[in-house]
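Numbering (this note's numbering), first residue to last: -3 to 261. The block underneath contains the structure these notes are about, expressed in structure tokens.
Okay, structure coming up:
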């Protein structure tokens, strides 16, 4: 269990008290730096594509029959240049600002959540503007690695619905199904809890399954499609879990394994 962070003192404590007292106004003001950083990241990532477009536009005669098709194709190529730049720039900024989140339990409106908030904000910029186009490819794995996700060999991530990548650990040959959701945080009783997610080697997370903060999934375990693994649940190695909330399901494979163990005994 992540301990509750004690209240801050001094100027930082005064800021947090003001943040909780005037939540809407202070939250809006606190978002301004994040929007500024996001605008900078998107703007800088657009530079290579815009330069390419301007260069091509300058090479084609105004009355050329192919001008419009070529410029449209160049604009599309510029978008992919933008995305490639973005998935490298965002992790670099995340590293430079030291925004990798840490385990936390405390009020949502506090300074301690800023690191988590910015880390996810940078992740979502890629998620909502480009990441779907490179999922699943080695490039989305590269992005998550650079954002701090620990990932073993042969891991396959067929989803962009991932938050808190710096708090997630995948073993070798893990398979994350399409549109599965992995979040290393949850809220309860007025508190925000940020807790690491660990998925063991050979485990499979099914289509549209949800894995929440503090969950540990053992090696070769399987989470069935559309299941929800609630916070802090430990799924033993080799087991199959499914449902909402997810619970152990005895499969034919489990029964055969059990019979084999009894025969060996």
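All residues carry an ideal CB built from backbone N, CA and C; glycine is no exception. What you are looking at is a predicted structure, and each value in this text was computed from that prediction instead of being measured.
Closest by CA to residue i, which one among the options?
i, options, result
"residue 121", "176, 87, 106 and 162", "87"
"residue 166", "214, 157, 14 and 186", "214"
"residue 207", "245, 247, 163 and 186", "163"
"residue 83", "228, 51 and 136", "136"
"residue 95", "105, 144 and 218", "144"
"residue 212", "223, 199, 203 and 154", "199"
"residue 225", "74, 148 and 243", "243"
"residue 47", "57, 70, 38 and 34", "70"
"residue 241", "234, 235 and 222", "222"
"residue 20", "39, 104 and 85", "104"
"residue 85", "59, 39 and 72", "39"
"residue 161", "235, 175, 191 and 174", "191"
"residue 80", "25, 184, 123 and 152", "123"
"residue 228", "216, 184 and 59", "184"
I need the straight-line Cα distance from residue i to residue j, nearest angstrom please.
i, j, result
"residue 90", "residue 238", "35 Å"
"residue 54", "residue 194", "52 Å"
"residue 129", "residue 111", "27 Å"
"residue 262", "residue 43", "Here the chain comprises residues numbered -3 to 261, so residue 262 is not present and cannot be evaluated."
"residue 232", "residue 131", "29 Å"
"residue 150", "residue 168", "6 Å"
"residue 230", "residue 68", "51 Å"
"residue 182", "residue 36", "29 Å"
"residue 125", "residue 134", "18 Å"
"residue 246", "residue 220", "12 Å"
"residue 77", "residue 14", "43 Å"
"residue 45", "residue 57", "20 Å"
"residue 186", "residue 52", "55 Å"
"residue 27", "residue 33", "10 Å"
"residue 189", "residue 109", "10 Å"
"residue 106", "residue 177", "26 Å"
"residue 74", "residue 156", "22 Å"
"residue 41", "residue 127", "14 Å"
"residue 210", "residue 180", "7 Å"
"residue 154", "residue 172", "6 Å"
"residue 25", "residue 17", "14 Å"
Kindly give me the distance between the Cβ atoms of residue i and residue j, rounded to whole angstroms, as I take these residues to be in contact under 8 Å.
i, j, result
"residue 262", "residue 170", "The question about residue 262 has no answer here: the residues shown for the chain are numbered -3 through 261."
For the structure I just gave you, are there three or more beta carbon pairs, one from the stretch 91 to 103 and one from the stretch 131 to 140, closer than 8 Å? Because the criterion of three Cβ pairs below 8 Å is not met, the stretch 91 to 103 and the stretch 131 to 140 do not touch.
Quick check: the stretch 113 to 120 against the stretch 60 to 80, are there 3 or more CB pairs under 8 Å? No, because fewer than three Cβ pairs between the stretch 113 to 120 and the stretch 60 to 80 fall closer than 8 Å, the two stretches do not touch.
Where in the stretch 173 to 256 do unbroken runs of the beta strand (DSSP E), each at least 3 residues long, occur, reported from the N-terminal end onward? Counting only runs of 3+ residues, the beta strand (DSSP E) found wholly inside the stretch 173 to 256 occupies 181 to 184, 187 to 190, 193 to 195 and 236 to 238, in chain order.
Jot down the residue ranges of each uninterrupted beta strand (DSSP E) in the stretch 90 to 147, minimum 3 residues, whole runs only, in chain order. Complete beta strand (DSSP E) runs here, min 3: 100 to 103.
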